[in-house]
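Novice:
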Amino acid sequence: MASRSWAHARPRQKTTSIFRSEVMSLVQLYIPSDVARYTVSQLGELGLVQFRDLNAEVTAFQRSFVNDVRRFDEIERKLRYLRAQIDLSGVEVYDFFDSRFVSTARGPRDIDDMEERIAAHEGRVQRLAAAYKEMHANHIELIENMHVLQEVSSLFTEITGRQSQAHPRSGSIAAASPDAVPLLARSDTAASRRSIGSMDAAGAFDVELGASAAAAAAATGRDINIGFISGVIARDRIATLERVLWRSLRGNMFLNYVDIEAPIQDNTAEDGAAPVYKSAFIVFAHGDSLRDRATKIAESLGATLYRVDPRAERRQEDLIDTMSRLDDLRLILDNNAVARANELAAVAEHITTWLAVVRKEKATYHALNLFNHDANRNCLIAEGWCAANDIPAIQSALHLATEDAGSTVPTVLHELRTTKQPPTFVRTNRFTEGFQNIVDAYGVPKAGEVNPGLFTIITFPFLFALMFGDLGHGFLMTLCAALLCIYEKKLAWMAKDESMRMFYSGRYIVLLMGIFSMFTGFIYNDIFSRAMSVFASGWAWPTTHGGEGVIVEATKLAHTYAVGIDPAWHHASNSLLFTNSYKMKMSIVLGVIHMTLGICLQVPNALHFKKRINIIHVFVPQLIFLFSIFGYLVFTIIFKWSTDWYARDAAGQLTHISPPSLLNMLIYMFLSPGSVNESERMFRGQAFLQTFLLLTALVCVPWMLLVKPLIMRREHRKITSEGYGRISSHVRVSTEADGMAGAIIVAEQEEMQADDFDFADIMINQSIHTIEFCLNSISNTASYLRLWALSLAHAQLSEVLWSMIFLPTLKITGSYKPFAIMFGFAVWFVLTFGILIGMEGLSAFLHALRLHWVEFNNKFYDGTGVKFEPFSFKAVLDEADDQQ
Amino acid sequence: MGGALVFWIGVLTVGICFGALFMFRSKTDPTLWRTCTILSFASCYLMWGLTYLAQLHPIIVPKRDDLRVEL
């Protein structure tokens with residue numbers, strides 16, 4: 050690079066700094082059909098082109114590649130199902146990402162292969178899952194059946210046992226009954242056996258009933274249907290069942306139940322529901338109608354009914370049968386589970402790769418749908434925006450694609466000339482990205498206009514630091530941010546996490562904020578609300594007198610404290626008087642300078658868009674207006690500070706008036722121009738200067754208001770009088786490309802814009818602009834006083850925390866002082882982090898952001914751009930990851 | 233010392249900023265470095281200068297009532 054002189058310090062046309070957005074060009078690609086997929090693939094990997102939709106009038110279902118998109122949708126659905134199955138069964142997913150397969154171009158055969166394998170896997174897994182479900186249901190039924198068989202037998206024996214106790218007569222009959230032999234030895238714990246219903250209320254009655262039934266059975270010697278229903282129901286429903294049965298059958302029933310100890314899974318609930326405690330019950334009722342009613346009631350309450358044979362030996366057979374079937378079923382279920390696990394493990398190895406490939410292919414076909422598909426000519430025409438600097442990279446990607454496809458016909462890239470507004474592409478790196486984001490949140494820069502993001506990198510942390518100034522807090526903040534920045538690769542997961550995303554993406558902002566806060570903390574002489582005496586203080590406290598309650602004054606020494614605020618002020622009771630005045634004035638001065646920078650940024654914009662009228666008739670009067678009022682204020686502030694108001698001449702007389710109030714001076718400049726009170730005059734000629742400045746400001750207002758519209762009208766009249774109409778510059782004709790047979794002429798006629806010079810419109814616009822500027826000049830300057838307000842709040846809060854929480858622990862006496870200090874320090878530190886750094890930090894961040902977005906940006910910024918979103922696989926995969 | 237110090241340090245800062253215009257030619261993004269350097273130096277100087285000026289000829293004196301007198 051040759052040595053550059055000052056003249057070349059302006060941005061060149063193809064710049065890569067973030068001062069302006071990149072120069073974009075509209076390119077047209079002529080892609081042969083067989084190379085199309087590979088081309089889009091390569092461009093997707095590159096991520097530098099934003100395709101325009103050439104088929105905007107066509108619905109999604111009518112586009113050329115809709116079938117391919119559907120196909121990949123189907124594959125993705127299958128993969129999602131497999132993924133869900135893998136998650137359910139707990140198989141570990143290998144993070145084995147076959148990057149070779151994913152990133153290189155994939156031939157159609159590879160894709161078909163993959164599709165087949167996925168379909169086969171999915172089919173197998175589905176079948177296994179269905180079989181499992183069925184068998185599981187069976188399993189539960191068998192378990193419940195087994196329990197019912199077991200419990201019901203014991204219930205039979207209990208009844209017959211009680212009968213033998215109550216009625217010795219029927220007891221002999223009962224003894225003869227085969228039911229007397231208990232099937233299984235069951236311990237008669239009071240907790241698990243409960244007879245409800247008629248038994249408790251009128252025990253004798255039921256015993257008789259049972260006795261008569263048993264007697265009848267024994268007498269007739271045949272198996273009467275004792276009329277019972279048996280089944281399983283959830284434990285908490287048993288009381289309801291009893292009540293409802295009692296009411297509806299009017300007491301002509303007998304219910305007995307036993308709790309099943311092990312919980313059983315509920316068949317009707319979904320997979321994975323927790324097992325429920327159930328009870329086996331048996332309801333005796335004579336008469337079919339009563340039994341039917343009982344059946345319906347039981348089933349409506351969610352009971353499952355199982356038929357149990359009243360004869361003991363049949364029950365025994367049933368039980369053995371059930372248990373063997375259960376064993377078989379368990380074996381089958383285990384086999385099924387193992388088979389499924391194997392299948393899913395095989396899938397898990399490849400699933401991340403497949404998902405990535407499918408998403409990329411889908412994105413490719415979505416992009417292909419945007420192109421103009423010329424079926425006759427066997428080629429696709431794509432149109433898109435890209436940065437002019439990136440065109441070589443795109444060319445090489447196109448070559449790669451042609452090689453991959455094994456074709457000899459090259460893809461042609463053709464740059465178009467257009468007046469359409471391109472999307473804004475600001476080429477950021479990981480450092481500038483955060484700052485650009487906070488600018489974009491307000492508005493994306495219009496293509497070609499000055500990007501405030503460049504200046505935000507320093508002014509934003511600086512304004513933040515003015516409000517946050519504390520060396521200690523700044524140090525902690527820098528520490529945290531430095532950790533985030535140094536380990537940013539390892540902490541990259543934070544970018545995906547909802548809560549940590551903001552801190553991670555803003556790590557460089559926080560780092561700079563911390564560094565500047567350390568600087569301003571050093572200047573404010575504040576470290577965790579304490580003051581440092583790094584240099585020699587400019588004040589001397591008296592040594593001879595003093596004491597508790599005695600007011601002493603410091604005397605000024607010859608020198609001033611070198612860097613920052615004198616530590617003598619820290620101990621003073623009237624320190625706020627000084628610091629408030631100092632901070633307010635500093636806020637105004639820095640605010641005026643910040644706004645001046647904003648106004649001056651209009652100049653590069655005007656030069657770039659070739660509107661010199663804006664410089665002379667907008668920028669100049671605005672600057673003069675601002676300076677004549679607030680520039681004068683800044684001047685007087687510095688003047689007042691530089692004057693020694695208590696200097697005495699040789700005779701010991703005061704040479705100056707007592708220090709005048711600047712606020713009053715400014716007010717009287719407007720209220721009574723041209724006359725300055727003798728006792729408040731700061732310098733000779735002040736009255737004249739003030740009048741002059743006021744008149745200048747007054748002149749600027751009509752200048753801003755009228756001159757630009759009048760000049761525009763005069764120019765417009767000159768053009769129309771010479772017979773030129775307003776040409777439509779929106780006809781675009783694409784000529785034939787080299788190497789393609791036949792001419793392809795695409796002429797796109799956009800709507801002719803009507804002759805849009807409307808003087809009234811322009812006049813209104815200009816007057817709004819002028820009024821806004823003049824009023825805003827006052828309110829925006831005052832708005833910068835928040836720099837003072839927040840730094841005052843921060844200092845006071847920090848002071849309160851120190852003196853109320855930690856300092857008392859240092860002053861107490863007693864043996865528990867160490868513990869008190871430890872505890873006090875812990876509380877103080879936690880509150881420092883939470884309130885002062887966290888809350889105050891966010892607050893200062895917000896206010897600094899407001900100052901940028903409103904006070905700075907409305908001086909020059911348009912912010913109506915559209916962000917450049919290139920077709921990039923990385924973005925597609927990231928978005929898909931986010932959605933998961 | 234006095235006000236002259238502020239002025240001369242100001243001249244020094246302008247000189248540094250001027251030099252920064254030519255210092256970063258070898259970087260990939262000289263504009264970024266230049267802008268950041270100039271803005272940083274300018275804002276730091278402004279803050280220091282204003283603080284120094286504010287304390288040059290103070291109008292009020294610090295007062296306190298808890299001075300411990302050494303005997």
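Residue numbers (my numbering), protein chains in the order written: chain A, 50 to 933; chain B, 233 to 303. Glycine included, each C-beta is placed from N, C-alpha and C at the ideal position. Predicted, not measured: the structure shown is a model, and the values here were computed from it.
1. Taking the beta carbon of E165 of chain A as the centre, do at least 16 other beta carbons fall within 10 Å, making it buried, or is it exposed?
2. Give every residue of the same chain whose Cβ lies closer than 7 Å to the Cβ of P22 of chain A, excluding the five residues on either side of it in the sequence, and list them in chain order.
3. Looking at the structure shown, is D931 of chain A part of a helix, part of a strand, or coil, going by DSSP?
4. Report all residues from its chain with a CB closer than 6 Å to the CB of A580 of chain A; omit the five preceding and five following residues, and keep chain order.
5. Return the chain-ordered ranges of every alpha helix (DSSP H) run that is complete within the stretch 863 to 912 of chain A and spans a minimum of 4 residues.
6. Expressed to the nearest angstrom, what Euclidean distance is found between the alpha-carbon atoms of F822 of chain A and I487 of chain A?
7. Using only the alpha-carbon positions, how far apart do V301 of chain B and T628 of chain A sit?
8. So, is the C-beta of A842 of chain A closer than 8 Å to a C-beta in chain B?
9. Under DSSP, the alpha helix (DSSP H) around W618 of chain A begins and ends at which residues?
10. Our contact map puts V915 of chain A next to T481 of chain A with C-beta atoms below 8 Å; I'd like the distance itself, whole angstroms only.
11. Scan the stretch 702 to 713 of chain A for residues whose Cβ lies nearer than 8 Å to a Cβ of chain B and list them as they occur along the chain.
12. Output yes if chain A places a C-beta closer than 8 Å to the C-beta of G251 of chain B; else output no.
13. Of all the CB atoms in chain B, is at least one closer than 8 Å to the CB of M801 of chain A?
14. Can you give me the C-alpha to C-alpha distance between I614 of chain A and F273 of chain B, rounded to a whole angstrom?
15. Secondary structure at S138 of chain A, three-state DSSP: helix, strand or coil?
16. Once you ignore the five residues that flank E410 of chain A on each side, which residues in its own chain have a CB closer than 6 Å to its CB?
17. Tell me whether the stretch 678 to 688 of chain A and the stretch 696 to 707 of chain A touch, counting them as touching only if at least three CB pairs, one residue from each stretch, are closer than 8 Å.
18. Please list, in chain order, all residues of the same chain as T604 of chain A whose beta carbon is under 8 Å from its beta carbon, the five residues on each side excluded.
19. Measuring alpha carbon to alpha carbon, tell me which residue in A:R762, A:A179 and A:I648 is nearest V499 of chain A.
20. Compare the C-beta of G788 of chain A with all C-beta atoms of chain B and state if any pair is closer than 8 Å.
21. Suppose the cutoff is 6 Å on Cβ atoms and the five residues either side in sequence are ignored; what does the same chain contact list for R762 of chain A look like?
22. Would you call D927 of chain A buried or exposed, if buried means 16 or more other Cβ atoms sit within 10 Å of its Cβ?
23. Given that H170 of chain A touches chain B, what residues does it touch there, using C-beta distances under 7 Å?
24. Rounded to whole angstroms, what's the CA-CA distance from G270 of chain A to A361 of chain A? Just pull it up for me.
25. Excluding five sequence neighbours on each side, which residues of the same chain lie with their C-beta closer than 6 Å to the C-beta of L606 of chain A?
26. Against chain B, with Cβ distances strictly below 8 Å, would F905 of chain A count as a contact?
27. Looking at the strands, I want to know which residues DSSP matches up with G596 of chain A.
28. Quick check on D117 of chain A: does DSSP put it in helix, strand or coil?
29. Taking the alpha-carbon positions, what's the A792 of chain A to F68 of chain A distance?
30. For the stretch 574 to 659 of chain A, which segments carrying the beta strand (DSSP E) assignment without a break, of at least 3 residues, lie completely within its bounds, in sequence order?
31. Counting only beta-carbon atoms, is M279 of chain B nearer than 8 Å to chain A?
32. Taking I813 of chain A as part of the alpha helix (DSSP H), name the residues at either end of that continuous run.
33. Is there at least one non-hydrogen atom of the ligand MG closer than 7 Å to the beta-carbon of R730 of chain A?
34. From what residue to what residue does the beta strand (DSSP E) around L307 of chain B run?
35. Using a Cβ-Cβ cutoff of less than 7 Å, which residues in the same chain neighbour R342 of chain A once the five nearest sequence positions on both sides are dropped?
36. Among A:A454, A:R292, A:E183 and A:T692, which has the Cα closest to the Cα of Q91 of chain A?
Specialist: Per the coordinate set shown:
1. Counted from its first residue, the first sequence places residue 165 of chain A at position 116. Its Cβ having fewer than 16 others within 10 Å, E165 of chain A is exposed.
2. Since the first and last residues shown for chain A are 50 and 933, residue 22 of chain A lies out of range.
3. Stepping through the first sequence from its first residue, residue 931 of chain A is reached at position 882. It is helical.
4. Looking up residue 580 of chain A in the first sequence gives position 531. Once the five neighbours on either side are set aside, the close Cβ partners of A580 of chain A are N574, P616 and H619.
5. DSSP runs (the alpha helix (DSSP H)) wholly in the stretch 863 to 912 of chain A: 866 to 880 and 889 to 899.
6. Indexing the first sequence from 1 puts residue 822 of chain A at position 773. Indexing the first sequence from 1 puts residue 487 of chain A at position 438. C-alpha separation (whole angstroms): 24 Å.
7. The count along the second sequence starts at 1 and reaches residue 301 of chain B at position 69. The count along the first sequence starts at 1 and reaches residue 628 of chain A at position 579. When the Cα atoms are used, V301 of chain B and T628 of chain A turn out to be separated by approximately 26 Å.
8. For the purposes of this step, residue 842 of chain A is identified with residue 793 of the first sequence, where counting begins at 1. Taking Cβ atoms only, chain B never reaches closer than 8 Å to A842 of chain A, which makes this a no.
9. Walking along the first sequence from the start, residue 618 of chain A turns up at place 569. Following the DSSP letters along the chain, one finds W618 of chain A inside the alpha helix (DSSP H) bounded by residues A617 to H620.
10. The residue given as residue 915 of chain A occupies position 866 in the first sequence. The residue given as residue 481 of chain A occupies position 432 in the first sequence. Not confirmed; about 20 Å, so no contact.
11. P708
12. What you label residue 251 of chain B is simply residue 19 of the second sequence in a count that begins at 1. Output row for G251 of chain B: interface = no.
13. Indexing the first sequence from 1 puts residue 801 of chain A at position 752. The predicted model places M801 of chain A with a pLDDT of 44, which falls under 50 and marks its position as unreliable; any figure quoted below should be read in that light. It does not: the Cβ of M801 of chain A has no partner Cβ on chain B nearer than 8 Å.
14. Counting from 1 along the first sequence, the entry for residue 614 of chain A is found at position 565. Counting from 1 along the second sequence, the entry for residue 273 of chain B is found at position 41. Whole-angstrom Cα-Cα distance: 19 Å.
15. The count along the first sequence starts at 1 and reaches residue 138 of chain A at position 89. S138 of chain A: helix per DSSP, three-state reduction.
16. Counted from its first residue, the first sequence places residue 410 of chain A at position 361. Only residues of its own chain outside the window of five on either side were considered, and among them F121 have a CB closer than 6 Å to the CB of E410 of chain A, listed in chain order.
17. With the cut-off at 8 Å, the stretch 678 to 688 of chain A and the stretch 696 to 707 of chain A do not touch.
18. Taking the first residue of the first sequence as position 1, residue 604 of chain A is located at position 555. Counting only Cβ-Cβ distances below 8 Å, and skipping sequence neighbours, we find W588, A589 and P591.
19. Against the first sequence, residue 499 of chain A aligns to sequence position 450. When each option's Cα is compared against that of V499 of chain A, the closest is A:I648.
20. What you label residue 788 of chain A is simply residue 739 of the first sequence in a count that begins at 1. Interpretation of G788 of chain A is limited by its pLDDT of 37, a score under 50 that renders its predicted location unreliable; the figure taken from the coordinates is listed afterwards. Nearest CB-CB separation between G788 of chain A and chain B: not below the 8 Å threshold.
21. Translated into positions along the first sequence, residue 762 of chain A becomes position 713. Result list for R762 of chain A: F808, in chain order.
22. By 1-based counting over the first sequence, the position of residue 927 of chain A is 878. Counting Cβ neighbours within 10 Å, D927 of chain A comes out exposed, since fewer than 16 surround it.
23. Taking the first sequence and counting its residues from 1, one reaches residue 170 of chain A at position 121. Near H170 of chain A there are no residues of chain B at all, since even the closest Cβ is about 49 Å away, more than 7 Å.
24. What you label residue 270 of chain A is simply residue 221 of the first sequence in a count that begins at 1. What you label residue 361 of chain A is simply residue 312 of the first sequence in a count that begins at 1. With a pLDDT of only 39 at G270 of chain A, under the threshold of 50, the placement of this residue in the model should not be trusted; the figure read from the coordinates follows. The C-alpha of A361 of chain A is placed about 15 Å away from the C-alpha of G270 of chain A.
25. For this step, residue 606 of chain A is matched to residue 557 along the first sequence. Taken in chain order, the residues that qualify are G587 and A589.
26. Counted from its first residue, the first sequence places residue 905 of chain A at position 856. Not one chain B Cβ lies under 8 Å of F905 of chain A.
27. By one-based count along the first sequence, residue 596 of chain A stands at place 547. Answer is B:L299, bridged to G596 of chain A.
28. For the purposes of this step, residue 117 of chain A is identified with residue 68 of the first sequence, where counting begins at 1. Of the three classes helix, strand and coil, the one that applies to D117 of chain A here is helix, per DSSP.
29. Taking the first sequence and counting its residues from 1, one reaches residue 792 of chain A at position 743. Taking the first sequence and counting its residues from 1, one reaches residue 68 of chain A at position 19. In this prediction, A792 of chain A has a pLDDT of 38, which is less than 50 and means its spatial position is unreliable; what the coordinates show is noted afterwards. Rounded to whole angstroms, A792 of chain A to F68 of chain A spans 41 Å at the Cα level.
30. 596 to 602
31. Stepping through the second sequence from its first residue, residue 279 of chain B is reached at position 47. Closer than 8 Å: yes.
32. Counting from one through the first sequence, the residue named residue 813 of chain A turns up at place 764. Segment F808 to S832, the alpha helix (DSSP H) holding I813 of chain A.
33. For the ligand MG, the structure offers nothing, since it holds no ligand at all.
34. The shown model of chain B, from 233 to 303, leaves out residue 307 of chain B, and the question about it has no answer.
35. What you label residue 342 of chain A is simply residue 293 of the first sequence in a count that begins at 1. Cβ neighbours of R342 of chain A beyond the five flanking positions: S297 and L298.
36. As a working note, residue 91 of chain A is residue 42 in the first sequence. Nearest C-alpha to Q91 of chain A: A:A454.
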